[in-house]
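A.B. asks: First the structure, which I've put down as structure tokens, then a few questions once you've had a look.
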Amino acid sequence: MPDEDESAVGDGVDPTTDHGVTRLYGEPFDSGFAQAERLHLAADLAGAVAVYEELLALAESVEDSPDVRFLRAHLLADMTSVHLAATDLAGAEDTNKRSRALLDDTASAPMGPRGRQLWLEVLLRTLIAGADLLRRTGRLGEALACLDEAAVRLPEFDDPDGLRTSELGLNRVHLLMDRGEWGAAEDQASALLATTPATAVETVPRLLVALGLICSSTGRFDLAEDYFARAEDHFRAIGDTGGQRTLLAHRAYAAMQRGELDLAERLFAEASAFFERQRWFGDLAVCEQARAFLAGRRGDALGAEELLAASLARFERLGASIAAADTMLLGAQHAYDRGDIDEMKRLAQSARDVYQEREIYERCAQVDLMLARTLEDNLNRTDHGDHERQSIDTALSFALPAALALEAARYDFATAHARSQWLELANEAMQLVFRLATRRQDQGLLFELAEHRCAGASLALDRTPPAAEPVEDPASVFPSAAMKSYAHHEHTEGAMTLGGVAAEAAASVGLRVAPPPKVRMSAQSGPGRVALQEYIAAAEFRYHRRIAHEEAVPFWITDDLTSRPVVQVRLADAGDLFMTWTWAGGARGFGTGQGPCAEVDRAVRELTDALPGAGDGAEGMRRTFDEGALAEHGSERRLARTLAEALWPEQLTAQIRQVAEQAGRPLVRIQPSPRVAQVPWELLAVDDGTDVRLIDLADVVTTAPASLRPAEPTPATAQNTGPVVLVLDPRVPGFRADSPLGSVLGPPGSDPELSALVQARLDAGAVVPSVATPADAFRRTDLDRNWLSGVLRKGARRLMYVGHVSGAPVEGGQSEDGALHLCCDAGTSGLAEPLRTHRPLSAKDLLLGSLPLRADGEPGARIWPAPPRVALIGCESGGDLRFAESFGLATAMLHNGAELVTATRWVLPTSFAFHRLAQLPQSIRPLSEAIVAVDTAHEDEDPVRSLGGWQREQLDRWRADGRIEHSPLLWAAMTCIMV
């Protein structure tokens with residue numbers, strides 16, 4: 004073995020590096036190794052193999068010894084790397100086996116410390132290359148065992164550059180990717196990238212490529228390109244020509260995923276030409292597979308068939324069974340397109356058999372969804388007569404479990420942004436399910452679909468990412484074959500435990516969520532039917548993925564709603580807008596509705612145009628006052644009618660009228676879908692030809708997902724005996740009164756209505772903070788998060804916050820980034836980024852508390868336990884429900900124990916805005932009137948009825964005089980939210 008003072012073969016020399024040549028074995032071997040490595044980086048793989056073969060022949064001619072056998076093992080290990088780069092899997096398997104046999108043979112040979120380290124390094128490389136080979140040929144379980152063996156050996160190896168450690172981690176990422184476990188793969192790749200030293204120059208760009216592929220496969224194309232660009236810089240820096248050229252195919256794949264088919268075609272063609280010249284037939288087969296998909300999309304059936312045949316033949320020659328199955332799946336779709344149903348079934352079943360055998364369950368789901376789509380297409384094309392119901396049932400039996408599994412795959416991701424992008428891919432599958440349920444005219448199934456979708460994700464407060472089985476995007480027929488690499492969580496050391504800074508960084512990235520609870524289709528406790536129970540069971544059995552939490556909740560708790568009739572309305576987005584409703588509280592009945600996608604989108608756009616945007620600032624507010632539909636009675640009434648026609652079934656209006664006549668004004672509980680979460684339901688003009696609004700007929704309350712219901716209800720004593728906590732226009736550090744985070748209510752004591760409000764609370768009982776005069780409650784500088792925690796921990800019956808709220812952008816998907824602005828300076832500990840000298844209190848803080856910041860951290864519900872009633876009067880403080888995952892400020896308060904939260908649907912105009920933009924006199928303060936109305940409602944036994952009564956008064960004034968201070972622009976933004 005080479006050691007500190009000798010070479011293994013040839014002249015005795017020091018093992019130093021001279022002109023890029025590492026002195027290990029003497030000449031000509033040391034120079035040969037260096038030459039072969041240069042050829043490898045230059046993408047001249049045939050030349051590199053030729054050099055290694057020449058050196059191997061020379062080594063085999065030398066008198067046999069342990070040193071010579073180790074030299075041969077080293078040469079064979081390097082040849083394996085070259086064969087893998089060239090996708091010569093048969094050659095790689097041969098050299099890898101021979102290298103491992105020689106290493107085993109020399110394991111017990113005498114060697115010094117450096118020789119042992121070199122032997123361990125070659126062994127680790129052989130094991131990692133073997134795992135890569137097994138993964139590429141579809142033997143994922145064996146690949147994982149190989150990596151596990153390498154992990155056992157790794158502690159013996161001195162790895163100062165972290166190269167072998169990072170290679171081992173990268174291969175685990177690839178296994179997760181091959182399984183379609185995108186969330187787990189992204190977690191591990193991100194953590195690995197953060198901890199891999201820059202000296203691991205070969206691994207860093209490959210990690211960046213893996214992250215780029217993960218992002219492009221899950222709909223985050225800008226981020227994918229950023230990773231690819233960084234990888235390209237690294238490849239260029241180390242002179243890796245092959246890595247640079249391979250990026251062409253990866254960028255082509257990203258372009259295809261985002262719909263830029265012409266660009267994808269050009270890049271794939273360029274990559275194919277390079278791979279063919281270099282005889283990299285595995286990469287060429289991937290490109291041919293993709294180009295076949297593109298040819299089919301542009302109607303070139305013959306070209307698609309030729310490319311598919313070429314791709315399949317190459318994959319089969321290489322032994323790449325999973326990639327070959329992916330090509331079969333694509334071929335099945337082409338067979339269906341040309342009317343060859345038998346061939347379609349044969350190819351699809353052949354592909355599924357491979358996936359099932361290899362335990363790649365997400366591809367099984369892909370096959371099932373393809374079959375369901377072809378069945379739906381066939382139903383649209385042909386008359387199935389008496390067999391139509393059976394055909395629809397068959398399509399649903401394929402589509403619904405697969406769609407559930409695909410939707411549930413989002414729980415693997417660490418951030419809400421990644422999950423929201425994934426859901427955009429998953430929505431097509433769920434839209435298919437809703438279409439089939441509608442076609443079957445199955446109200447019961449539509450009810451259960453809506454209940455399951457509206458249950459909401461559960462917040463996961465532990466630090467360990469949830470284990471899950473794989474499902475990937477079947478929305479496109481193209482299977483994105485050998486562009487991935489991954490494995491089962493139960494075999495991959497859990498979730499790859501992180502330590503130190505990496506663990507803290509990973510924990511603070513975003514909220515972890517878990518599957519929703521099962522929903523019992525009964526308002527009573529005890530056993531009963533669970534929504535979609537047979538489909539959930541089928542999905543969990545077929546695809547080995549948790550679909551719903553074992554905990555079951557009733558779809559609606561009606562114990563405290565028997566004093567008057569109540570109707571629960573739920574809405575679900577699935578292309579069209581689907582509505583279900585159920586009556587309780589002395590009324591009986593149910594129904595379903597469906598709003599066509601185009602009509603719903605048009606109505607929502609008109610509403611959006613009428614509202615001030617969160618990022619529009621003063622100009623957006625000015626435009627709302629000058630041109631917005633809510634600022635003029637005639638245009639507002641037309642908008643209210645447009646919304647009602649698109650969103651509200653006449654049948655439900657008729658039921659509400661009937662119930663009101665017989666049992667009094669009912670309560671309408673509405674859980675909106677994200678698309679319609681800003682709709683002011685109270686305003687809907689539900690009668691054609693009259694100006695009757697929904698709030699004229701009923702009280703309206705917004706409901707949040709059932710998953711937000713707290714496990715530990717607020718103690719009854721605190722509900723009745725605690726103080727009222729008032730946080731009124733707190734002073735934000737570093738921001739003047741006239742700045743963007745300046746005063747909302749004006750100078751303290753300048754508003755007699757608000758001063759009277761504070762005095763009334765002082766007269767009625769305890770108020771926190773303790774103040775001598777009402778003016779002392781405004782613009783305080785001591786109301787920070789620590790103070791708030793202290794007063795809430797002691798118990799309170801109400802919390803009223805009036806101040807600045809920063810909403811999160813809906814396109815970012817992270818509702819938890821919404822924040823309150825208290826008196827916290829930038830040095831305050833928290834999860835939100837500081838703004839100059841101030842750190843906001845985010846919904847993420849309220850939910851996670853100090854868990855991501857300290858080993859002994861507490862969840863937010865313990866640090867800031869919410870009182871039964873909370874008012875958050877600020878810009879879009881109730882915008883949570885616009886997100887697929889509702890974890891913003893209002894819902895965080897519900898999660899932390901609140902029973903009812905009054906919040907706002909959109910950006911609020913201040914009284915100052917009314918004065919400046921509508922020229923109202925200073926004595927008229929619309930925002931102050933709204934604050935008083937909310938305060939009064941929260942003191943009432945029935946806050947929803949009280950607030951609804953004030954809103955009806957405002958509506959009556961609006962209809963009578965059309966004055967801007969009575970416009971729904973302000974009062975219709977207010978809504979009570981409860982679970």
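With positions in the sequence shown counted from 1, the corresponding number in this note's numbering is that position plus 3.
Glycine included, each C-beta is placed from N, C-alpha and C at the ideal position.
1. Under the rule that 16 or more other beta-carbon atoms within 10 Å means buried, what is F73, buried or exposed?
2. Hey, would you say Q817 sits closer than 8 Å to T418, going by beta carbons?
3. Could you tell me the alpha carbon to alpha carbon distance between P468 and A187, rounded to whole angstroms?
4. Judging by CA-CA distance, which residue of M373, I395, D371, L374 is the nearest neighbour of L382?
5. CB L311 to CB L333, shorter than 8 Å?
6. May I ask which residues mark the beginning and end of the alpha helix (DSSP H) holding W953?
7. Anyone know if the C-beta pair for I659 and T706 falls short of 8 Å?
8. Where in the region 252-317 do unbroken runs of the alpha helix (DSSP H), each at least 4 residues long, occur, reported from the N-terminal end onward?
9. Going along the chain, which residues of its own chain have a beta-carbon closer than 7 Å to the beta-carbon of D745, five neighbours each way excluded?
10. Quick one, are the C-beta atoms of A976 and T907 less than 8 Å apart?
11. Enumerated in chain order, which unbroken segments of the alpha helix (DSSP H) with a length of 4 residues or greater are wholly contained in the region 577-620?
12. Suppose you measure from the CA of R361 to the CA of G141; what does that come to, to the nearest Å?
13. Indicate the three-state DSSP secondary structure (helix, strand or coil) for P520 in the structure shown.
14. Per DSSP, which one or two residues make a beta bridge with Q674?
15. Between F481 and P519, what straight-line distance do the alpha-carbon atoms span, to the nearest angstrom?
16. Hey, could you find the ends of the alpha helix (DSSP H) L535 is sitting in?
17. Does the Cβ-Cβ distance between I934 and L757 come in under 8 Å?
18. Can you grab the Cα-Cα spacing for the pair Q292 / E319, in whole Å?
19. Excluding the five sequence neighbours on either side, which residues of its own chain have a C-beta within less than 6 Å of the C-beta of P615, listed in chain order?
20. I need the DSSP call for A460, collapsed to helix, strand or coil.
21. If you reduce the DSSP assignment to three classes, tell me which class W702 lands in.
22. Does DSSP classify D340 as helix, strand or coil?
23. Can you tell me the Cα-Cα spacing of L849 and F890, whole angstroms?
24. With a cut-off of 8 Å on the beta carbons, I'd call R167 and T129 a contact; round off their distance for me.
25. Find the nearest neighbour of A258 within the set D243, L226, Q247, F284, judged by alpha-carbon distance.
26. Can you find the residues in the same chain that come closer than 7 Å, C-beta to C-beta, to R376, ignoring five residues on each side of it along the sequence?
27. So, with DSSP's three-state summary, where would you put L748?
28. Taking 8 Å as the cut-off, decide whether the C-beta atoms of P652 and G594 are in contact.
29. Compare the beta carbon distance of A402 and L439 with 8 Å and say whether it is the shorter of the two.
30. Pick from E96, P733, P772: whose alpha carbon is nearest that of L137?
31. Which whole runs of the alpha helix (DSSP H) in the region 23-78 are 4 residues long or more, in chain order?
32. Ordered along the chain, which non-local residues of its own chain (more than five positions away) have a Cβ less than 6 Å from that of A234?
33. Suppose contacts are defined by Cβ-Cβ distances below 8 Å. Is E170 in contact with T206 by that definition?
34. Going by CA-CA distance only, name the one from A153, A657, L795, A326 that's closest to V289.
35. Restricting to Cα atoms, I'd like to know which of E273, F224, E268 is closest to Q247.
36. I need the boundaries of the alpha helix (DSSP H) containing I934, first residue and last residue.
C.D. replies: From the atom records:
1. buried
2. Yes, the Cβ-Cβ distance between Q817 and T418 is below 8 Å.
3. In this predicted model, P468 has a pLDDT of only 42, less than 50, meaning its place in the structure is not dependable enough to derive any value.
4. I395
5. Yes, Cβ-Cβ distance for L311 and L333 is below 8 Å.
6. Note, W953: alpha helix (DSSP H), 946-964.
7. no
8. 264-281, 284-300
9. The question names Asp, but residue 745 is Gly in the sequence shown. So the list reads F738, R739, once near-sequence residues are dropped.
10. yes
11. 600-613
12. 7 Å
13. strand
14. Residue pairing for Q674: DSSP places it in a beta bridge opposite R573.
15. With a pLDDT of 37 at F481, under the threshold of 50, the predicted position of this residue should be treated as unreliable, though the coordinate-derived value follows. In a straight line, the C-alpha of F481 is about 30 Å away from that of P519.
16. No alpha helix (DSSP H) contains L535, which DSSP labels as neither H nor E.
17. yes
18. 13 Å
19. Excluding residues within five positions, the ones whose Cβ falls inside 6 Å are G623, M624, T627, V910.
20. coil
21. In the sequence on display, residue 702 carries Asp and not Trp. Here D702 sits in strand by DSSP.
22. helix
23. 10 Å
24. Incorrect: roughly 11 Å between the Cβ atoms, too far for contact.
25. L226
26. L435
27. coil
28. yes
29. yes
30. Looking from the CA of L137, the closest CA among E96, P733, P772 belongs to E96.
31. 32-44, 48-64
32. P208, L211, V212
33. The Cβ-Cβ distance between E170 and T206 falls below 8 Å.
34. A326
35. E273
36. 929-942
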